[in-house]
Structures are given as structure tokens and as C-alpha cells.
Amino acid sequence: MRLSTKGRYAVMALVDLATNSQGRPVSLADISGRQEISLSYLEQLFAKLRRAGLVKSVRGPGGGYLLARTADDTRIADAILAVDEPIRATRCKPNTATGCHADKSRCLTHDLWEELSRQIHLFLSSVSLADVVERRILGIAHKVDGATAGNGASHPNDAAAAAE
Numbered sequence: 001m002r003l004s005t006k007g008r009y010a011v012m013a014l015v016d017l018a019t020n021s022q023g024r025p026v027s028l029a030d031i032s033g034r035q036e037i038s039l040s041y042l043e044q045l046f047a048k049l050r051r052a053g054l055v056k057s058v059r060g061p062g063g064g065y066l067l068a069r070t071a072d073d074t075r076i077a078d079a080i081l082a083v084d085e086p087i088r089a090t091r092c093k094p095n096t097a098t099g100c101h102a103d104k105s106r107c108l109t110h111d112l113w114e115e116l117s118r119q120i121h122l123f124l125s126s127v128s129l130a131d132v133v134e135r136r137i138l139g140i141a142h143k144v145d146g147a148t149a150g151n152g153a154s155h156p157n158d159a160a161a162a163a164e
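In terms of our numbering, the sequence shown opens at residue 1 and continues consecutively.
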């Protein structure tokens with residue numbers, strides 16, 4: 001399963017906005033340059049983010065975009081869903097009794113993938129823009145990666161975190 005560029009770029013742009021705004025509007029051209037995302041693509045994404053109430057636009061000289069809510073109140077799942085990115089791992093259409101097989105039956109692993117989709121949504125709903133900006137989720141993946149690698153190597157940030 002893979003998240004498309006729409007969802008990833010929307011989150012990257014919102015994190016950039018939260019990081020660089022400091023109460024002032026941020027232009028899409030600035031976000032485009034920093035994040036290396038096409039300006040026209042950002043315009044499409046921000047139109048959807050604005051309709052979803054995640055950002056607000058400021059017109060005129062010095063205009064741009066601001067977060068419509070605080071970074072603490074903006075969830076990653078909201079951003080992904082705002083740009084029409086489905087959070088699901090099944091081939092089946094959501095909320096229907098029919099499956100993806102030609103005879104409309106569900107595959108044997110349907111419930112597994114459905115639960116994975118639910119867990120992904122729960123995780124992304126639990127993470128705020130502020131969590132990403134302030135790197136509060138940093139370290140979780142590194143510890144898992146180190147444990148699964150079995151090499152006992154630690155990540156440089158682990159030592160810094162332990163020293164605090």
C-alpha cells in the first residue's frame with residue numbers, strides 16, 4: 001500500500017506552513033521552493049485544503065495562506081482526506097457489502113486489509129501538525145527499525161534524547 005503524492009504533498013505543505021508562518025501568511029511560491037513541489041500542484045491542493053477549512057487565504061501584497069486552526073488542532077488524517085486521498089488498503093469500495101471479485105464476493109484477506117486501513121486512519125488521526133513540526137513522533141520508527149534490524153545499532157537522535 002502506498003500513499004499517493006496528493007496526500008504526502010498536502011501534509012508536507014501544511015507542515016511547512018506551520019513551521020514558517022509565525023502568524024504571517026506564507027506564499028505558495030515559498031512553500032513550492034522549499035518543498036520542491038510544483039506551484040500549480042500546490043494551488044490545486046490548497047484549494048481543497050481551504051474548502052475543508054484547514055487553511056485560509058489572505059489576498060493582496062504579502063498575502064498567502066495561514067492555518068485555519070492551530071497546529072495542535074490540525075490532524076494529519078484531516079489533511080489527507082481533504083485532498084481526496086483514501087486511507088484504505090482494500091481493493092473493495094468502502095462501506096459496501098460487495099467485494100472486489102468478479103462475482104462480488106470478498107477476498108479471503110478482506111478483513112485483514114480493512115483493519116489495516118482502520119489502524120492507519122486511527123494513527124493519522126492521532127498525529128497533529130504540531131507533533132510533526134516539533135518532532136514528537138521522531139524516534140518511534142527508529143527504535144522499531146533498530147529492533148527489527150537486529151543489529152543493536154542506535155540512531156544518533158536516541159543518544160541525544162537519552163541525554164535530556
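Even glycine gets a Cβ: it sits at the ideal position worked out from N, Cα and C. Remember, it's a predicted structure, so these values are computed and weren't measured experimentally.
Quiz item: Can the beta-carbon of residue 175 be found less than 8 Å from the beta-carbon of residue 129?
Solution: Any question about residue 175 goes unanswered here, given that the chain covers just 1 to 164.
Quiz item: Got a sec, what are the start and stop residues for the beta strand (DSSP E) residue 21 sits in?
Solution: Counting along the chain, residue 21 falls outside any beta strand (DSSP E), and DSSP gives it neither H nor E.
Quiz item: What is the DSSP secondary structure of residue 64, counted as helix, strand or coil?
Solution: strand
Quiz item: DSSP three-state call for residue 57: helix, strand or coil?
Solution: In the three-state reduction of the DSSP assignment, residue 57 falls in the strand class, which pools E and B.
Self-check item: CA nearest to the CA of residue 38, picked from 9, 54, 62, 122
Solution: 9
Quiz item: When DSSP labels each residue in this structure, what does residue 135 get in the three-state scheme?
Solution: Taken through DSSP and simplified to helix, strand or coil, residue 135 comes out as coil.
Quiz prompt | Residues of its chain near residue 16, where Cβ-Cβ distance is below 7 Å and the 5 sequence neighbours each way are ignored | solution = 31, 34, 35
Practice problem: With DSSP collapsed to three states, give me the class of residue 75. | Solution: strand
Exercise. Alpha carbon to alpha carbon, how far is residue 127 from residue 28? Give it in angstroms, no decimals.
Key: 24 Å
Self-check item: Neighbourhood of residue 72 by C-beta distance below 6 Å, restricted to the same chain and skipping five residues each side
Solution: 128, 130
Quiz item: For residue 67, which option in 24, 116, 107 has the closest C-alpha, if you only look at C-alpha atoms?
Solution: 24
Quiz item: Given residue 48, which residues of its chain have a CB within under 6 Å of its CB, disregarding the five upstream and five downstream residues?
Solution: 82, 83
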